[in-house]
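Colleague: Structure in structure tokens, see below.
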Amino acid sequence: DAGITQSPRHKVTETGTPVTLRCHQTENHRYMYWYRQDPGHGLRLIHYSYGVKDTDKGEVSDGYSVSRSKTEDFLLTLESATSSQTSVYFCAISQANTEAFFGQGTRLTVV
Amino acid sequence: GENVEQHPSTLSVQEGDSAVIKCTYSDSASNYFPWYKQELGKGPQLIIDIRSNVGEKKDQRIAVTLNKTAKHFSLHITETQPEDSAVYFCAAMRDSSYKLIFGSGTRLLVRP
């Protein structure tokens, strides 16, 4: 299995609080992605990174920000969590136009 | 931007039968089309992929076909087995964007 670790694996938080999810890789892959998975919507791209400090928006980026200060870590931050952000979040890594490897996911519940 | 539509959302087949899942994409510049399988409680895993310079690719019981003119691609699973039961996702990407966009998924159930 590709070396991808997501933390935390589960989190319950209150509406309006900030939340940061972490994705850590040991593969030295250039590209990193954050997706959310919701029933009926499949996997929707939130943000992605194509290098250190190089990030771009995906399909559903509103309410989310990201940072990548080193190759191995990609952080996803919900500045002020809302109930609509309750979801399962997946991190993925890849080299250019090759297989993307996914982490185990983080289940986030906003109450 | 790219939009990927996937059908059907659920598919139930008898063990031994074939299963076909279809996807269409909107960006004619997309040139990489992977398929992922997701088992319960796990992240998706690549099962097969195809690039725009070929029309078909096979790997044992799994095959993918690509029609660039019509902008659609399909996953074919032959001789289905109960362990094929999972959620399957198609995706599309163009070289210059590195955005991997997924379809909404198909839940496949193989009945013993």
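Each protein sequence line maps, in turn, to chains C and A. Under the numbering used here, think of the first position of the first sequence as 2, with each following residue one higher. Under the numbering used here, think of the first position of the second sequence as 66, with each following residue one higher. Here a beta-carbon is modelled for each residue, glycine too, at the ideal position from N, C-alpha and C.
#1: Whose C-alpha, out of Ile94(C), Gly41(C), Thr56(C), is nearest the C-alpha of Ser88(C)?
#2: Closest by CA to Glu148(A), which one among Gly170(A), Val69(A), Gly81(A), Asp160(A)?
#3: Could you name the residues of chain A that Leu51(C) contacts, counting a contact when the two beta carbons are closer than 9 Å?
#4: Is it the case that the CB of Thr110(C) approaches a heavy atom of the ligand NAP more closely than 7 Å?
#5: Tell whether a beta-carbon distance below 8 Å holds between His25(C) and Trp35(C).
#6: Only counting the same chain, and skipping five residues up and downstream in sequence, which positions put a Cβ closer than 6 Å to that of Thr21(C)?
#7: For Ser50(C), which three-state DSSP category applies?
#8: Give the range of the beta strand (DSSP E) segment to which Ser66(C) is assigned.
#9: To the nearest angstrom, report how far apart Gln86(C) and Phe154(A) are at their CA atoms.
#10: Along chain A, in chain order, which residues have C-beta atoms closer than 7 Å to that of Asn98(C)?
#11: Tell me the rounded alpha-carbon separation between Arg37(C) and Pro109(A).
#12: Inspect the CB distances between the segment 119-135 of chain A and the segment 72-81 of chain A and report whether three or more fall short of 8 Å.
#13: Would you mind working out which of Val119(A), Ile113(A), Ser117(A), His137(A) sits nearest Arg126(A), comparing C-alpha positions?
#14: Compile a chain-ordered list of the residues in the segment 118-151 of chain A whose CB is closer than 8 Å to at least one CB of chain C.
#15: What span of residues does the beta strand (DSSP E) with Arg172(A) cover, start to end?
#16: For a cutoff of 8 Å on Cβ pairs, would you count Gly41(C) as touching chain A?
#17: In whole angstroms, give me the CA-to-CA distance for Asp124(A) and Lys54(C).
Modeller: According to the structure data:
#1: Gly41(C)
#2: Gly81(A)
#3: Going by the sequence as given, residue 51(C) is Tyr instead of Leu. Simply Tyr163.
#4: Although the ligand NAP was asked about, the structure shown includes no ligands whatsoever.
#5: no
#6: Leu76, Thr78
#7: strand
#8: 65-71
#9: 22 Å
#10: Tyr97, Met158, Asp160
#11: 12 Å
#12: no
#13: Ile113(A)
#14: none
#15: 171-176
#16: yes
#17: 38 Å
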